[in-house]
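So the structure is just underneath, and the comments pick up after that.
In the working numbering, the protein residues as written are 576 to 733.
Dropping the structure here:
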């Protein structure tokens, strides 16, 4: 479809991905359980680092579910886990089946999976961040959102 001024109307999709951590029913929104398009790189890394990720548990592992959602949009549809040679070297996954098998067998540790996921999420979001910076209106809206968030944090402390 063509919108105003001849610009193509963007496709907006809301993907359902699990929260990054376990939450009790009725616990409400917790900022560190979700990743937002306005999150900075360090915020994404912090949230992913705190994510629930029990070694060998593939039944409930939000990090694995996030990889499954992101994998089709990655360059070459490949998820890379960078590891030191003494830890077995880098691992490359073209599908989530082998990723889940390695995680279940504990060949892939949460300490390796989560940093790789954080890097991947940040790489995917880099274009969004550039777009936010390039638009004056979006940049101003982001500043107002940050100020509002800081004011909420101050109210919690008092």
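From the three backbone atoms N, C-alpha and C, an ideal C-beta is built for every residue, glycine too.
The structure displayed is predicted, hence computed values, not measured ones.
Using CA coordinates, which residue listed in the options is at the minimum distance from residue i?
i: residue 706; options: 613, 642 and 684; result: 613
i: residue 749; options: 722, 685, 730 and 647; result: The requested residue 749 is not part of the displayed model; the chain covers only 576 to 733.
i: residue 680; options: 632, 670, 659 and 689; result: 632
i: residue 669; options: 648, 687, 682 and 717; result: 648
i: residue 656; options: 690, 646 and 628; result: 690
i: residue 692; options: 711, 660 and 671; result: 671
i: residue 642; options: 615, 616 and 694; result: 694
i: residue 610; options: 696, 661 and 716; result: 696
i: residue 626; options: 687, 712 and 652; result: 687
Return the first residue and the last residue of the alpha helix (DSSP H) that residue i is part of.
i: residue 616; result: 616-625
Below 8 Å on the Cβ atoms is my contact criterion, and I expect residue i with residue j to pass it. Report the Cβ-Cβ distance as a whole number of Å.
i: residue 640; j: residue 622; result: So it is not a contact: roughly 14 Å between Cβ atoms.
- Query: Can you list the beta strand (DSSP E) stretches of 3 or more residues lying completely in the segment 635-697, in chain order?
  - Reply: 654-656 and 666-668
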